[in-house]
Every structure is written in C-alpha cells, then in structure tokens.
Amino acid sequence: MGIFFYRYVGDAEKQYIDQNKMIRSQSGKTYFSPDLYETATDARQRLALPALPAWRVGPIPADEMPDFDAVALQAASPKYGQPGGGLECATNHTVYLLGFSRPK
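Its first residue numbered 329, the sequence shown is counted upward by one per residue in my numbering.
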C-alpha cells in the first residue's frame, strides 16, 4: 500500500480547483497532509485549520506530488484555537487535480 496526500479545503477553494484543474494556494505555499481524516472536525482540529473544511482533495499518490520545498513534513502547530498535532507539509509548486470527496 502506498502513501497518499490530502488537502482539506472550503467551497471557494474547491470551486477554484474544479475550474482550473489544479491545486495552488493563493499564498503560493500549499499545505497537504498524509493523514486521512474522516470528519471535517478531526481535520480542523489536527491540522489547526481556521474553519471546518467542506472538502477533502485526494488521495494523491506520493509519487505524483512535487517536492515539499516550502515546509518539510512536521506536526501542525496549535493555531486558531485548535490543538494541531496532525502531520502536514507544503509545496510552492502546482499540483494537478485527481479527485474530491466530502469529509463526514
């Protein structure tokens, strides 16, 4: 079994990704996680997201991901009143769309 990455996003980012067929944060630094969260609440808490994500992008096979040149794999720091602790990493490169699913 391989390693996969996910991105947890809101409706606006999902629409952008769907229209442009690519994943790229407006800041240029795009975060991903190798952790599969089944619920939006778990994703928000573990990745210390500012809001509940409406969508999970992925799974994206590790061999189809660019280098994580912005942030190496690390535990998410507490932020936005969330505990963090989930694994995350970031790239400055564009990632092309493979699929969407809704977390519960």
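For every residue, glycine included, the Cβ atom is placed at its ideal position computed from N, Cα and C.
As the structure is a computational prediction, the values presented were derived from the model and not from experiment.
Could you tell me the distance, in whole angstroms, from the CA atom of residue i to the CA atom of residue j?
{"i": "GLY356", "j": "PRO411", "result": "25 Å"}
{"i": "LEU401", "j": "GLY386", "result": "17 Å"}
{"i": "ARG372", "j": "SER361", "result": "12 Å"}
{"i": "TYR334", "j": "ASP363", "result": "7 Å"}
With residue i and residue j assumed to form a contact (beta carbons below 8 Å), what rounded beta-carbon distance in angstroms separates them?
{"i": "ARG374", "j": "GLY413", "result": "6 Å"}
{"i": "PHE332", "j": "ALA404", "result": "Not really, about 18 Å apart at Cβ, beyond 8 Å."}
{"i": "LYS407", "j": "ALA376", "result": "4 Å"}
Consider the Cβ of residue i: report whether some Cβ of chain D lies at a distance smaller than 9 Å.
{"i": "LYS349", "result": "In the displayed structure, chain D is absent; only one protein chain is listed."}
Going by CA-CA distance only, name the one from the options that's closest to residue i.
{"i": "MET393", "options": "LEU415, ILE351, ALA376, GLU366", "result": "ILE351"}
{"i": "ARG430", "options": "ASP391, TYR336, GLY330", "result": "TYR336"}
{"i": "LEU425", "options": "PRO381, ILE345, GLY409", "result": "ILE345"}
In the structure shown, what three-state DSSP assignment does residue i receive?
{"i": "TYR344", "result": "helix"}
{"i": "ARG372", "result": "helix"}
{"i": "GLU416", "result": "strand"}
{"i": "ALA382", "result": "coil"}
{"i": "ALA404", "result": "coil"}
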